[in-house]
Amino acid sequence: MSLLDLVRGCTFDDFLFTPQYSVIERRDPSGIDLSSPLSRNLTLKRPIVSANMDTITRAEMAIAVAEEGGIGIIDRGFRTGDIEPQVREVERVKRRQHGIIGDPYTVRPDASLTEASEMMNRTGVGTLVVVDEARRVVGLLTTRDLRFSSNDGRVRDRMTPREDLIVREGVIDSGEAEAVMRASKIKKLPLIDAGGRLLALVTAKDLIKQKQAPAATRDAHGRLRVGAAIGAKGDYLERAAELRRAGADVIVIDIAHGHSVVMARAVEAFRRQFGDAELIAGNVATAEGVTFLVDRGVDGIKVGIGPGGGCTTRLNTNFGVPQVAALVDCRMAAAGRVPLIADGGVKRDGSLIQALLFGGDTVMLGSALAGTIETPGDTVQKPVVIPESHKTVKVPFKVFRGMASLQAIVDRLDVEDSSVADVEALGAEGMEISVPARGSVRPVLRDMLKHLCSAISYGGAGSLAELQKKFRDHPERYVIRLTESSRRESFDR
Ligand code: XMP
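Numbering (this note's numbering), first residue to last: 11 to 503.
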């Protein structure tokens with residue numbers, strides 16, 4: 011029986027994999043290659059993508075996921091025409107961690123300390139380079155200089171002046187910068203040209219971060235990578251232009267049904283305006299959908315119609331494809347021409363390796379990350395009754411919702427639905443739920459990655475790519491279709 015026949019109508023909990031002879035001594039992400047392509051020209055060291063949902067990925071989540079080796083896609087759940095908030099999220103990620111900061115924030119010496127302080131708060135940046143009208147460096151102002159200050163003076167009164175600074179002429183690499191900073195025991199090193207004009211800034215914090223997170227997903231300038239989602243109508247091209255200007259590394263055209271005339275128009279218009287800029291499109295769940303997008307020249311494809319934790323598409327429309335069947339079908343159609351993102355339905359860590367073997371090159375996660383500190387939204391205390399004691403305790407919760415839930419649509423007055431006046435008639439295909447608030451997403455991701463390494467070990471391979479090849483060459487050696495009782499034995503706990 012072909013793999014396609016075996017998985018027809020099936021999803022994650024329908025399968026286990028047969029353990030193979032293990033060749034790994036240590037199941038540890040630092041020693042096992044988990045790298046995988048996100049799109050034609052972008053590769054991640056860890057195959058994790060945080061979902062473009064307004065209760066999952068804004069800057070904080072995107073930073074955490076990129077530092078752990080994956081990437082976050084900033085959602086498009088902002089009001090139509092209101093592009094700036096999404097752009098700001100992208101900027102915050104691109105600013106967070108640098109090798110050498112090519113365009114540091116600057117301030118004039120005669121600016122007020124209040125202005126400088128506001129700029130630091132707004133941008134989250136703790137060091138401003140003080141420059142004159144010719145962009146010559148005249149000083150540095152850091153949060154430390156503002157401490158205990160009433161803020162009613164001028165920048166020049168508080169800054170460290172140029173004559174007390176160590177600067178370096180010309181552009182140097184981060185190794186050289188580190189040597190200069192270590193020798194002169196400084197934490198900030200402005201780089202200037204022969205005329206004293208500001209070229210760049212190096213900070214010790216960034217250099218340390220680079221060392222601490224060697225798997226982080228970075229661009230050529232050492233900045234964290236980030237993606238951003240757009241729609242396929244309304245302001246989507248203008249949004250894409252602004253997001254790209256802010257440094258988004260990849261744009262994702264994300265609509266519920268990506269195999270559509272709307273998508274055809276959007277991809278064509280995107281290519282016309284932005285040439286070969288990195289573009290992922292979705293969602294689709296069929297071979298025809300994949301071929302359609304490959305033919306239009308996208309660089310990556312998001313696969314998944316209806317498996318998402320916050321999604322009611324299948325309930326409301328009865329359309330969709332069980333996610334494992336969709337992944338196998340889509341992988342065969344893609345035939346290695348573009349990477350696929352397995353999007354949705356991963357509820358337990360064991361499904362990660364399934365998503366990656368059946369068809370995904372990377373996996374997009376929504377509900378699996380919900381409730382963590384880095385997700386947007388407030389934590390609310392809700393009363394919960396403890397069954398044993400019948401006592402009521404307050405438990406912290408956060409909201410997780412499908413992007414097509416009524417609440418999310420109303421919040422952003424969705425582009426596609428903006429002409430619909432009657433809220434009841436919006437045709438929601440998602441729901442809103444409360445999930446228990448938990449700690450940082452970082453240990454959640456690290457646990458997942460450790461489990462992924464264990465899975466690679468059980469699979470008899472030394473890297474993710476090797477296991478994918480072995481599995482795809484001989485799926486019959488791995489795939490066990492479960493019965494009702496073996497499924498209970500496996501997953502009911
Ligand atoms: P998980 O299972 O990780 O899935 O929570 C995340 C994915 O779910 C999709 N998504 C939706 N699908 N209606 C849908 O049909 C919705 O309202 C909705 N919101 C999110 C999306 O692909 C996401 O990445």
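Backbone N, C-alpha and C define an ideal beta-carbon position, used for all residues, glycine too.
Here the structure is a predicted model, which is why all the values come from computation and not from measurement.
Given a threshold of 16 other Cβ atoms within 10 Å of its Cβ, counted over all protein chains shown, does ALA144 qualify as buried or as exposed? exposed
Considering only the beta carbon of each residue, do ASP85 and THR67 sit closer than 8 Å? yes
Would you call LEU379 buried or exposed, if buried means 16 or more other Cβ atoms sit within 10 Å of its Cβ? buried
If you reduce the DSSP assignment to three classes, tell me which class PHE88 lands in. coil
Assign TYR31 to one of two classes, buried (16 or more other C-beta atoms within 10 Å of its C-beta) or exposed (fewer than that). exposed
Helix, strand or coil at GLU179 [DSSP, three-state]: strand
Is any beta-carbon of chain D found at less than 8 Å from that of ARG157? Of the protein chains in this structure there is only one, and it is not chain D.
Rounded to whole angstroms, how far is the Cβ of ASP371 from the Cβ of VAL313, which I believe are closer than 8 Å? The Cβ separation is near 10 Å, so there is no contact.
Alpha carbon to alpha carbon, what distance is there between ALA414 and GLU441? As written in the sequence, residue 441 is Met, which differs from the Glu given in the question. Their backbone Cα atoms lie some 8 Å apart in a straight line.
Identify which residue in PRO95, GLN107, MET63 and THR65 has its Cα closest to the Cα of ALA76. GLN107
Does the ligand XMP have even one heavy atom less than 7 Å from the beta-carbon of CYS384? Here residue 384 turns out to be Glu, not Cys, going by the sequence shown. For the ligand XMP, not one heavy atom lies less than 7 Å from the Cβ of GLU384.
Length at least 3, wholly inside the region 426–492: the beta strand (DSSP E) runs in chain order: 442–446 and 489–491
CB of ILE110 within 8 Å of CB of VAL212, strictly: yes
Is it right to say SER399 is buried, meaning 16 or more other beta carbons lie within 10 angstroms of its own, or is it exposed? exposed
So which of LEU289, GLU288 and ILE311 has the shortest CA-CA distance to GLU298? ILE311
Tell me whether GLU173 is buried or exposed, calling it buried when 16 or more other Cβ atoms sit within 10 Å of its Cβ. exposed
At what residues does the beta strand (DSSP E) containing ARG411 begin and finish? 402–411
Check this for me: beta carbons of GLY412 and THR322, under 8 Å apart or not? yes
Under the DSSP definition of a beta bridge, which residues are partnered with THR372? ILE351
Between SER361 and the ligand XMP, is there a pair consisting of the residue's CB and a ligand heavy atom that are separated by less than 7 Å? no
Is the region 256–268 touching the region 230–241, taking contact as three or more C-beta pairs under 8 Å? yes
State the start and end residues of the unbroken alpha helix (DSSP H) segment that holds VAL17. 13–17
C-beta contact flag for THR133 and ARG105 at 8 Å: yes
Less than 8 Å separating the beta-carbons of ARG50 and VAL348? yes
Please report the residue range of the alpha helix (DSSP H) in which PHE501 lies. 494–501
Beta carbon of ASP64 nearer than 8 Å to that of ALA418: yes
On the criterion of 16 or more Cβ atoms from any shown chain inside 10 Å, does ASP15 qualify as buried, or is it exposed? exposed
Three or more C-beta pairs below 8 Å linking the region 195–205 and the region 134–153: yes
Less than 8 Å between the C-beta atoms of GLY206 and VAL147, yes or no? yes
Return yes when the C-beta of ASN293 is under 7 Å from any heavy atom of the ligand XMP, and no when it is not. yes
Looking only at its chain, what residues have a beta carbon closer than 7 Å to the beta carbon of GLY346, apart from the 5 residues adjacent to it on each side? none
Pairwise C-alpha distance: VAL331 and ARG18: 9 Å
Could you pull the start and end residues of the beta strand (DSSP E) that ILE58 belongs to? 58–60
Do the region 466–486 and the region 32–39 touch if we need at least three Cβ pairs shorter than 8 Å? yes
Excluding the 5 residues flanking LYS480 on each side, which residues of the same chain have their C-beta closer than 6 Å to its C-beta? ALA471
Would you check if the distance between the CB atom of PHE302 and the CB atom of VAL338 is smaller than 8 Å? no
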